[in-house]
Amino acid sequence: MSETMVEQAAPRARSAAGSFVACALAWLVPGLGHLYLGKKGRAAVFFLVVAATFGLGIASDGAASLIEERQPLTFLATFDNVAVGPFDLVGRYLTYGTIVYALPGEEGDPRRTRLVDRQRARVRSVTYEYGNTFLLTAGLMNLLLILDAFDIATGRKE
Amino acid sequence: MIRSHFLNMVVFSGLVAVFFAFLTQNDAKNRMRVVLILGGSMIVLSLVLAYVMYPFPIR
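As you go down the protein sequences, you meet chains A and B in turn. In terms of my numbering, the first sequence is residues 1 to 158. In terms of my numbering, the second sequence is residues 1001 to 1059.
Written out as structure tokens, the structure reads:
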């Protein structure tokens, strides 16, 4: 009897493909991985919280990061931005007017100059630091959600 | 766009607290407890830190 109860209480593990799908969905839309795993309430809250954090970041003139080879930390910041999924495309378009992930060319390249000018326009905003903090936090939250979806899918967590 | 530093901090703390409450807890009572403890401590500790730093000049 007690063994049966323990079996029922144990979280159900999914196949490797199921875990991968949960993680992919979690990246695609915040909370979608949890919805796929049957956690409807949590999924709704996670979507609202990450979307609100991202939205506040954009509204506060936060800027999506661009990779610049001479500044290694920009790789991490860009990775963090991308972790929020397709929302990041919106952020990049609103920041730069195009979808771009790295500063192109050398100093003096007109494409590079245009992107840097658009970035500087955001940096001059008084709320830029708040916006950037919100944007980066939204990315970190979604990274945690992907890992959480993986844990639930593999049966490590309920 | 929120321009108030304090209001930004309160909103940020609230969002992070709710996020971690739902990430780490499964029942409503424990979630509320985490929201209050985590959100409250983020705000209170920030104010304490700001107060401690007040006498130090910017440059």
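Virtual Cβ for every residue (Gly too), placed ideally from N, Cα, C. Predicted, not measured: the structure shown is a model, and the values here were computed from it.
Expected contact under 8 Å - CB spacing of residue i and residue j to nearest Å
i	j	result
Ala138/A	Val45/A	Not really, about 14 Å apart at Cβ, beyond 8 Å.
Ile969/B	Ser60/A	Look at the range of chain B in this structure, 1001 to 1059, and you will see that residue 969/B is not part of it.
Ala149/A	Ala22/A	4 Å
Met141/A	Phe1019/B	6 Å
Asn81/A	Gly97/A	Incorrect: roughly 16 Å between the Cβ atoms, too far for contact.
Val1034/B	Thr1024/B	7 Å
Ala77/A	Leu136/A	7 Å
Ala153/A	Leu1015/B	Ala153/A to Leu1015/B, Cβ: 25 Å. No contact.
Under 8 Å by beta carbon: chain B residues contacting residue i
i	result
Phe134/A	Phe1012
Cutoff 7 Å; reference residue i; Cβ partners in own chain excluding five residues on either side
i	result
Gln93/A	It should be pointed out that residue 93/A corresponds to Tyr in this sequence rather than to Gln. Here the set comprises Ile99.
Leu143/A	Ala83
Arg1062/B	The requested residue 1062/B does not occur in the structure, where chain B is confined to residues 1001 to 1059.
Same chain only: Cβ atoms within 8 Å of residue i, ignoring 5 sequence neighbours per side
i	result
Val116/A	Leu103
Leu32/A	Leu25, Ala26, Ala43, Phe47
Ser2/A	Its pLDDT being 47, under 50, Ser2/A is placed unreliably by the model, and nothing is read from it.
Ala1028/B	none
Phe54/A	Val84, Phe87, Gly91, Phe134, Leu135, Ala138
Residues bridged to residue i [DSSP beta-bridge criterion]
i	result
Gln1025/B	Partner(s): none; Gln1025/B has no beta bridge.
Ala1017/B	In DSSP, Ala1017/B forms no bridge with anything.
Gln119/A	None; Gln119/A has no bridge partner.
Ile67/A	Ala102/A
Amino acids of chain A, ordered along the chain, whose beta-carbon sits closer than 9 Å to that of residue i
i	result
Ile1002/B	Leu56, Ala59, Ser60, Thr127, Tyr130
Leu1023/B	Arg42, Phe46, Met141, Leu144, Leu145, Asp148
Close-in-space but distant-in-sequence residues of the same chain around residue i (CB under 6 Å, 5 per side omitted)
i	result
Asp88/A	Asn81, Val82
Ile146/A	Cys23, Ala26, Trp27
Where residue i meets chain A, residues with beta-carbon distance less than 8 Å
i	result
Val1018/B	Val45, Val49
Within chain A, partners of residue i - CB distance below 7 Å
i	result
Leu1015/B	Val49, Ala52, Thr53
Asn1026/B	Glu158
Asn1008/B	Tyr130
With three or more C-beta pairs closer than 8 Å as the rule, is the region 53-65 of chain A touching the region 120-133 of chain A? yes
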